[in-house]
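Student: Shown below is the structure under consideration.
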Amino acid sequence: VFYEDNTVKSIFSLPIGSLTAYTTYVKTILPSKKEEKLIAEAIREAAVDLPKERPEIICGVGGSIRAAVKIYNELFEDTLPAGRVELKKLQTLLKIPQDTLAKAILKVSPERIHTFIPGLILLCTVSEMWDITKISVSTSGVKEGYLAARLQERGVL
138 VFYEDNTVKS IFSLPIGSLT AYTTYVKTIL PSKKEEKLIA EAIREAAVDL PKERPEIICG
198 VGGSIRAAVK IYNELFEDTL PAGRVELKKL QTLLKIPQDT LAKAILKVSP ERIHTFIPGL
258 ILLCTVSEMW DITKISVSTS GVKEGYLAAR LQERGVL
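Pasting the structure below:
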């Protein structure tokens with residue numbers, strides 16, 4: 138989601154997500170450095186048709202971005218705000234030893250052990266392509282938004 142002046146400017150979805158990246162490029166549980174590079178290349182190729190203008194802010198919608206904030210906070214005993222996050226802080230997660238990162242993933246979000254790193258690569262690659270420094274983190278995902286919209290249509294909410 139691209140924002141300008143606190144207004145949604147455009148919404149785009151890539152045909153590659155963390156699970157697709159994992160199943161396509163990773164042979165074991167965690168990606169090797171070579172596999173990480175392949176994932177980043179695939180993301181750049183998938184994003185080639187997205188607008189070239191630089192948005193002020195992008196919004197991360199989904200479990201990967203929320204897990205990244207939680208894992209960062211766990212590893213660095215920090216409290217990143219739930220709203221906007223500096224990309225450079227999340228990029229540090231890709232630079233720490235994988236065994237340290239894996240332990241934090243298993244503690245905080247074990248169901249994401251195989252998709253976390255591909256998701257983080259996706260986030261960092263897209264952000265670097267547009268020189269984004271801050272990311273707005275959605276507190277709910279697409280599924281929750283879809284469910285809320287359907288419940289509102291039926292008058293439940």
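Per the numbering used here, the very first residue in the sequence shown carries number 138; after that it's consecutive.
Glycine is no exception: its CB is placed at the ideal position from the N, C-alpha and C atoms.
Which two residues bound the contiguous beta strand (DSSP E) that contains E223?
Tutor: Per DSSP, E223 belongs to the beta strand (DSSP E) from R221 to E223.
Student: On a Cα-Cα basis, can you pick out the residue from L257, I180 and E223 that is closest to L167?
Tutor: Selected option, being the one with the closest Cα: L257.
Student: So what does DSSP say about V245, is it helix, strand or coil?
Tutor: Here V245 sits in helix by DSSP.
Student: In three-state DSSP terms, what is G256?
Tutor: G256: helix per DSSP, three-state reduction.
Student: I need the boundaries of the beta strand (DSSP E) containing K146, first residue and last residue.
Tutor: Unbroken beta strand (DSSP E) run through K146: T144 to S147.
Student: Just reading off the beta strand (DSSP E) that K271 is part of, what are its end residues?
Tutor: Here the beta strand (DSSP E) through K271 covers K271 to V274.
Student: Does the separation of the CB atoms of Y159 and T237 fall below 8 Å?
Tutor: No, the Cβ-Cβ distance between Y159 and T237 is not below 8 Å.
Student: Identify the continuous alpha helix (DSSP H) that holds I180 and give its terminal residues.
Tutor: That run of the alpha helix (DSSP H) goes K170 to A183.
Student: Tell me, please, whether the region 255-271 touches the region 187-207 by the rule of three or more beta-carbon pairs shorter than 8 Å.
Tutor: Verdict: yes, contact present.
Student: For a test of the three-state rule: what should DSSP assign to I250, helix, strand or coil?
Tutor: Coil at I250, not helix or strand.
Student: Can you check the region 189-240 for any alpha helix (DSSP H) of at least 4 residues that lies completely inside it and give the ranges in chain order?
Tutor: For the region 189-240, whole alpha helix (DSSP H) runs of length 4 or above, ordered along the chain, are 200-213 and 224-228.
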